[in-house]
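One structure below.
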Amino acid sequence: DWLCSQTLLHAGAEREMKQLIMQRSAVHLESDAFLVCMNHALSTEKEEVMGLCIGEVEINRIVHIHSVIILRRSDKRKDRVEISPEQLSAASTEAERLADMTGKPMRVVGWYHSHPHITVWPSHVDVRTQAMYQMLDQGFVGLIFSCFIEDKNTKTGRVLYTCFQSVQAQKGSEYERVEIPVHVVPRDAIGKVCLESAVELPRILCQEEQDTYRKIHNLSHLDPITKIHNGSNRPNRPIRVLG
Amino acid sequence: VPGFAAGGSGIDGDVSIMAASISGYTFSSVCFHSANSNSDHEGFLLGEVRQEETVSISDTQISTAELLQVVEIHNHDPCAQLFSFYDYAGKVNEDNLNRILKDRRKSVIGWYRFRRNTQQQMSFREQIIHKQLTQLLGVPDLVFLLFSFISTANSSTHALEYVLFRPNRRYNQRITLTIPNLGNTSQQEYKVSSVPNTSLNYAKVIKEHGAEFFDKDGVMKDIRTIFQVYSALQDKVQAVCGEVEQSERVKEKIQEDVNKLKQQIALRKRKTAEEERRLREAQNAESHPTSEENSEPSETSLLSRVAFHAPSAPERPGTSPNPPSYSDLLSQEDSLLSSSSSPTSAALLPRPQAVGSPGHPTPGPLGMGLGLSLGLGSDSLDRQAAGQEDDDDDDDDDDDDDEDSSEYENLVSEAAHLPMVSASVLAQGRPAALSPDGDARGSQTS
Chain A
1 DWLCSQTLLH
11 AGAEREMKQL
21 IMQRSAVHLE
31 SDAFLVCMNH
41 ALSTEKEEVM
51 GLCIGEVEIN
61 RIVHIHSVII
71 LRRSDKRKDR
81 VEISPEQLSA
91 ASTEAERLAD
101 MTGKPMRVVG
111 WYHSHPHITV
121 WPSHVDVRTQ
131 AMYQMLDQGF
141 VGLIFSCFIE
151 DKNTKTGRVL
161 YTCFQSVQAQ
171 KGSEYERVEI
181 PVHVVPRDAI
191 GKVCLESAVE
201 LPRILCQEEQ
211 DTYRKIHNLS
221 HLDPITKIHN
231 GSNRPNRPIR
241 VLG
Chain B
1 VPGFAAGGSG
11 IDGDVSIMAA
21 SISGYTFSSV
31 CFHSANSNSD
41 HEGFLLGEVR
51 QEETVSISDT
61 QISTAELLQV
71 VEIHNHDPCA
81 QLFSFYDYAG
91 KVNEDNLNRI
101 LKDRRKSVIG
111 WYRFRRNTQQ
121 QMSFREQIIH
131 KQLTQLLGVP
141 DLVFLLFSFI
151 STANSSTHAL
161 EYVLFRPNRR
171 YNQRITLTIP
181 NLGNTSQQEY
191 KVSSVPNTSL
201 NYAKVIKEHG
211 AEFFDKDGVM
221 KDIRTIFQVY
231 SALQDKVQAV
241 CGEVEQSERV
251 KEKIQEDVNK
261 LKQQIALRKR
271 KTAEEERRLR
281 EAQNAESHPT
291 SEENSEPSET
301 SLLSRVAFHA
311 PSAPERPGTS
321 PNPPSYSDLL
331 SQEDSLLSSS
341 SSPTSAALLP
351 RPQAVGSPGH
361 PTPGPLGMGL
371 GLSLGLGSDS
381 LDRQAAGQED
391 DDDDDDDDDD
401 DDEDSSEYEN
411 LVSEAAHLPM
421 VSASVLAQGR
431 PAALSPDGDA
441 RGSQTS
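Protein chains in written order, with UniProt numbering: chain A, 1 to 243; chain B, 1 to 446.
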């Protein structure tokens, strides 16, 4: 009995140590990448947006995020922010391109998503999603941007951002959030990669819109008036973003 | 900017409601510039104000016309540093104002300020400046947007709070600021089902006129046209992006050159100071032959003092993990350190943890240099409650001893609580001056 309990204790301690080792000490987010995240988060209050963070990990376990990639949401249901394998692969390719450009070892180091009208803390789904990513990469970090919040009494608006990872106290127990310090690192100018990411936003929205419209358009049972209604509806979004 | 249509005593008499909006891109841009700034950050808001009249009919009145004033913030013009258009007393300099704004002056509808760890209310100086701007710019209902940044103790969560004020009004001074986005612009959903209609006449009419909407493929003609508009816009944005990228690279290069020049100037100043010291000590040695044993420790103190001074030039200092020993500095003759001894210790106080950090990693307070501590007075007074700033213009050197450490919040951060900073972070130049007051008043180190 004693031996069993000791083994369990050791296993638990080992897991804890592994988690601690892989846990990031801090996240440094370049201010131009921060700009892209903000732009993206503020682009819509109706749904959560998401993207991937690209950067490098330093010896002292600090994650340095140099740029972000805006992603298309395959599942637009509330609070579902999973990334498809194709997107992950595309992000890796982009990271390689960045690595070539900057001469630094870049890779996908985390993800971000927005919480419009919702508190900045990760939901249970978020914590579990984060834990899932950590199974592929234990040092993966998550960022959440909360926006479109207003205190009606003081007419104060708020934008918040937080950084977290997931940890499991014991095998089989619930995943819990771990707070990771995050700092925005000043930059003299906006980097090329971030400018490109910012410009991607309207293009991605247009693609999303086209896909949606195509599905609707293929509904042959719709009568012409409905089709006209849908058609006039359709393409405004990307133009509005560009405006 | 339109004047006020309603009668009465102008601004106060009118009970018009105000709605304000700021574009997401402008908002993010302000956040970007603020994040890049070591100190407070400010700038002007450009946009448009218009009045909309809504007529409503109720049981008691035939019609009530309500005046809705709509403020749209389209863009912002960030100031490169604080005190660029006003002085310590809060007196606005119109020439500087014009130089900053140039032809954008006519689109100014307000101004903004970003501060860390402060209350969401206008400071006395801000109120004074606001009144003058109102007059000089000729905008009766000039708005003021206040950003305040706070963080949790472990810096894992940060909040940016913002309030839009219209200080020229007596009541309802705070207005809700909306950020128009794709989620709130009225857009109807797609219809996935049609209302069934079996009328033959209906079908006939639709078939006849349907051709005007649909092309031979059955695709709506408008779709193609709109897509062309979108493509053209996207191409334009792409082109502008290219231009912005080039100008950003130029800006980076210039900033690098500026930093190098500043380093050279600092080096030159150091050398001149050293030479002067040597001359003076040589003279002292001549007149007091017994003080020769003091010359060596003086040299040490000189070097340690000079080493401490040099990084206070407005560039990022290198990582200096250990503070210079104060026993060296403080044990020397007063002539060397008369104006700097007490603020030195204040500058080294770790920042109070409870109010959070500026949100970016910086080396310890020791890197800030003596020069900074002397020039801090005025801007920090902003953060005190209104009405206490009647001695703005006093010589700050004497006041420094009594100022509490919270003044240093925006410049000095707690190295002990922050993770280690890699050299690459420090090597980046900073767009804003390290000290908000240093540049305006002239560095104390010269």
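Note that beta-carbon positions come from the ideal geometry of N, C-alpha and C, so glycine has one too.
8 Å contact criterion, which residue i and residue j should meet: CB distance rounded
i: Tyr171/B; j: Leu146/B; result: About 18 Å; that fails the 8 Å criterion.
i: Arg116/B; j: Phe144/B; result: The Cβ separation is near 18 Å, so there is no contact.
i: Leu133/B; j: Glu94/B; result: With a Cβ gap of about 10 Å, Leu133/B and Glu94/B do not count as contacting.
i: Leu98/A; j: Val193/A; result: 6 Å
i: Ile54/A; j: Ile69/A; result: 6 Å
i: Ile129/B; j: Gly183/B; result: With 8 Å as the limit, Ile129/B and Gly183/B do not qualify as a contact, their Cβ atoms being about 36 Å apart.
i: Ser156/B; j: Val182/A; result: 6 Å
i: Phe32/B; j: Leu195/A; result: Wrong, their Cβ atoms sit about 12 Å apart, outside the cutoff.
i: Gln165/A; j: Arg24/A; result: 7 Å
i: Gly139/A; j: Gln130/A; result: No, Gly139/A and Gln130/A are not in contact; Cβ-Cβ is about 12 Å, not under 8 Å.
i: Arg177/A; j: Pro122/A; result: 6 Å
i: Gly110/A; j: Ile65/A; result: 7 Å
Same chain, Cβ closer than 7 Å to residue i, five either side skipped, listed in chain order
i: Val185/A; result: His28, Leu29, Glu30 and Ser31
i: Leu27/B; result: Note on identity: in this sequence residue 27/B is Phe, with Leu being the wrong assignment. Contacts found: Ile179.
i: Ala41/A; result: Val49, Ser114, Phe145 and Cys147
i: Arg166/B; result: Met18, Asp141, Val143, Gln173 and Ile175
i: Arg187/A; result: Glu30, Ser31 and Asp32
i: Leu201/A; result: Asn39, His40, Ser43, Ile70 and Val241
Cβ shell of residue i (< 6 Å), same chain only, five flanking positions each side left out
i: Val120/A; result: Ile144, Ser146, Leu160 and Thr162
i: Arg107/A; result: Ala95
i: Gly47/B; result: Glu72, Ile73, His74 and Ile109
i: His76/B; result: Thr26, Val30, Gly43 and Leu45
i: Ala91/A; result: Leu52, Ile69 and Val108
i: Ala26/A; result: Ile62 and Pro181
First and last residue of the uninterrupted beta strand (DSSP E) at residue i
i: Arg177/A; result: Tyr175 to Glu179
i: Cys31/B; result: No beta strand (DSSP E) contains Cys31/B, which is instead part of the alpha helix (DSSP H) from Gly24 to Asn36.
i: Ile150/B; result: Val143 to Ser151
i: Trp111/B; result: Val108 to Arg116
i: Trp111/A; result: Arg107 to Pro116
DSSP bridge partner residues for residue i (one or two, in chain order)
i: Ile73/B; result: Ile22/B and Gly47/B
i: Cys163/A; result: Leu143/A
i: Ala65/B; result: Val55/B
i: His28/A; result: His64/A and His183/A
i: Gly90/B; result: Partner(s): none; Gly90/B has no beta bridge.
i: Leu82/B; result: Note: Leu82/B sits in no beta bridge, so no partner.
i: Leu177/B; result: Ala20/B
i: Asp151/A; result: Thr156/A
i: Phe213/B; result: BP columns for Phe213/B are empty, so no partner.
i: His41/B; result: Phe114/B
i: Gln168/A; result: Tyr175/A
Boundaries of the alpha helix (DSSP H) in which residue i is found, first to last residue
i: Phe227/B; result: Lys221 to Ser287
i: Val193/A; result: Lys192 to His217
i: Arg128/A; result: His124 to Leu136
i: Thr157/B; result: Per DSSP, Thr157/B belongs to no alpha helix (DSSP H); it is in the beta strand (DSSP E), Thr157 to Phe165.
i: Gly210/B; result: Leu200 to Gly210
i: His130/B; result: Phe124 to Leu137
i: Arg99/B; result: Glu94 to Leu101
Cβ neighbours of residue i in the same chain (closer than 8 Å, five flanking residues each side left out)
i: His229/A; result: none
i: Val55/B; result: Ser63, Thr64, Ala65 and Glu66
i: Gln6/A; result: none
i: Val92/B; result: Phe85, Tyr86, Ile129, Gln132, Leu133 and Leu136
i: Leu3/A; result: none
i: Glu14/A; result: none
Contact with chain E by residue i, beta-carbon distance below 8 Å
i: Lys262/B; result: Reference to chain E is not applicable here, since the protein chains of this structure are A and B.
Just to confirm the assignment: which complete alpha helix (DSSP H) runs, minimum length 4, are found wholly within the stretch 30 to 88 of chain A? Listed in chain order, they are 31 to 41.
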